[in-house]
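**Q** Can you keep this structure in mind? I'll have questions shortly.
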Amino acid sequence: MKVQRGVAVITVLLALAIAVLISSEVIMRVYTGMKRSQNHFDSQQAMQYALGGEAWARQRLAMDLEKDKKQLQIDHFREEWAMPAQKLEIEGGSLEIEIYDMQSRFNLNNLIDENGTIVQEQARLFNNLLAYLGITTTYTDMAARWASYADDTDNLYDSEKFPYRAANTQFGSVSELRQLRDMEMRDYQKMMPFLSALPDPVKININTASEPVLAALVGSGTQTHERIMQFIQRRAEQENGFNSPGIFISMMGIQDNELAELLSVNSEYFEVRVVAEYNGRRVWLISTLYRDAETGEISLLSRDTSRRFVFGNSAFANRSKKKASDDGTDDGKKDKDDKANSRDKN
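If you read the sequence shown in the working numbering, its first letter stands for residue 774, the second for the next number, and so on.
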């Protein structure tokens, strides 16, 4: 009788243990499901905030164009759109937004014309850029042939262990350079900040172009480097930017009408970088925008949420320390200017 009671007790305890295990598993799955749903909701909310940051940047660019229409259409680092990353506190999170001039970079799609033929002058500029950055210039021919319609790269890529074809059309992204034969990651990372892949051939904005891109325009040399640095210093002191590409050509001490055709003082393509955070979830967004200089219409060309980035990679120039001191600005303002000026070296 006692044995039967003992077995009954053990059976009840075993059933209770099984019930507890099942209940725990159910509770855990419910909790995990709720947590997953909450994380998904927070990520989606952060994404909506990021899109709001993109809309904010659109508004800034639209306002800038309206302002320029009343004066000269010039895009430079003193304008509001070009301010360093601005952090906005919002309910449940924050937004950091920065706008970059895409015409401050070399456009890979300048390498070919509308017929898919390699443009030798543009190839020379790309070659100069690589040389200035200390990168092998063999990538110049490979990049041009990758985009060219000539379809003459079979022997380069069909013989690989995992064969593939060259694009034989415009670059859709700068990241396509990683497909070039023998492309080293360190070389790609070094050149990437100075390149773009815009759908149309564009001119380089001398008001925003970085030192390597300016050097690509006029070649290398000690004297040339000094003149470029003098130009960048003078540009940093300009309140309203330069109003003619001829100023750059004059300061370089050259006479080149063909070079003048490659330069501008305004831009139509911009990149917006946004970091949005909501309830601990973070989203990185890179949007490429086209702003029609005549109609003012702003079109979205692409969005990318796969890349992580840091702010401050674009060049920026604010008033010099001397100017700030003369104006009687406080230490906080001077610190902000110092940070801004440091970006012009990148």
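Don't be surprised by glycine CBs; every beta carbon is placed ideally from N, CA and C.
All figures in this text were calculated on a predicted structure; none of them were measured in a lab.
1) In the DSSP assignment, find the alpha helix (DSSP H) that holds Asp914 and state where it starts and stops.
2) Tell me which residues share the same chain as Val975 and place their Cβ nearer than 6 Å to its Cβ, disregarding the 5 neighbours each side in the sequence.
3) Closest to Ser1063 by CA distance: which of Glu1041, Phe1082, Asp1077 and Ile908 is it?
4) Under the rule that 16 or more other beta-carbon atoms within 10 Å means buried, what is Ser1081, buried or exposed?
5) How long is the line joining the alpha carbons of Val1056 and Leu1035, rounded to whole angstroms?
6) Can you name the start and end residues of the alpha helix (DSSP H) that Lys963 belongs to?
7) With 16 as the cutoff for other CB atoms within 10 Å, does Ile872 come out buried or exposed?
8) According to the neighbour-count rule (16 or more other Cβ atoms, all chains shown, within 10 Å of its Cβ), is Pro936 buried or exposed?
9) Please name the residue in Arg954, Pro985, Arg1076 and Asp973 whose C-alpha comes closest to that of Pro966.
10) So which of Pro972, Glu1067 and Phe1084 has the shortest CA-CA distance to Val1048?
11) Could you tell me the boundaries of the alpha helix (DSSP H) in which Arg1000 lies?
12) Phe850: buried (16+ other C-beta within 10 angstroms of its C-beta) or exposed?
13) Determine the extent of the alpha helix (DSSP H) in which Gly904 is found, giving its start and end residues.
14) Just curious, the beta strand (DSSP E) that Ile863 is in, first and last residue?
15) Taking Ser1079 and Glu827 to be in contact with their CB atoms under 8 Å, please state how far apart those CB atoms are, rounded to whole angstroms.
16) Excluding the 5 residues flanking Glu894 on each side, which residues of the same chain have their C-beta closer than 8 Å to its C-beta?
17) Tell me whether the beta-carbon of Ala989 lies closer than 9 Å to the beta-carbon of Asn882.
18) Tell me where the beta strand (DSSP E) around Val726 begins and ends.
19) Suppose contacts are defined by Cβ-Cβ distances below 9 Å. Is Ala917 in contact with Ile891 by that definition?
20) I need the DSSP call for Asn1013, collapsed to helix, strand or coil.
21) If I'm right that Asn941 touches Asp924 with Cβ under 8 Å, what's the distance once you round it to whole angstroms?
22) Look at Lys963 and Gly907 and say whether their C-beta atoms are less than 9 Å apart.
23) Tell me which residue opens and which closes the beta strand (DSSP E) that Val986 is part of.
24) In three-state DSSP terms, what is Ser797?
**A** From the atom records:
1) Thr911 to Ala920
2) If we look at Val975 and ignore the five residues flanking it on each side, its Cβ neighbours are Gln876 and Asn880.
3) The sequence as given places Tyr at residue 1063; Ser does not occur at that position. Among Glu1041, Phe1082, Asp1077 and Ile908, the Cα nearest to that of Tyr1063 is on Glu1041.
4) The question names Ser, yet the displayed sequence has Arg at residue 1081. Burial call: exposed.
5) 37 Å
6) Met958 to Met964
7) buried
8) exposed
9) Pro985
10) Phe1084
11) Thr995 to Glu1010
12) Around the CB of Phe850, 16 or more other CB atoms lie within 10 Å, so the residue is classed as buried.
13) Note on identity: in this sequence residue 904 is Ala, with Gly being the wrong assignment. Ala904 -> alpha helix (DSSP H) spans Gln893 to Tyr905.
14) Gln859 to Ile863
15) About 16 Å separates the two Cβ atoms, so there is no contact after all.
16) Glu1031 and Leu1035
17) Result no, Cβ atoms of Ala989 and Asn882 do not sit closer than 9 Å.
18) With the chain covering 774 to 1119 only, the question about residue 726 has no answer from this structure.
19) yes
20) It is coil, neither helix nor strand.
21) Right, the Cβ-Cβ distance comes to about 5 Å (below 8 Å), so this counts as a contact.
22) yes
23) Premise fails: Val986 lies in the alpha helix (DSSP H), Glu984 to Val991, not in any beta strand (DSSP E).
24) Shown here, Ser797 sits in a helix according to DSSP, grouped into three states.
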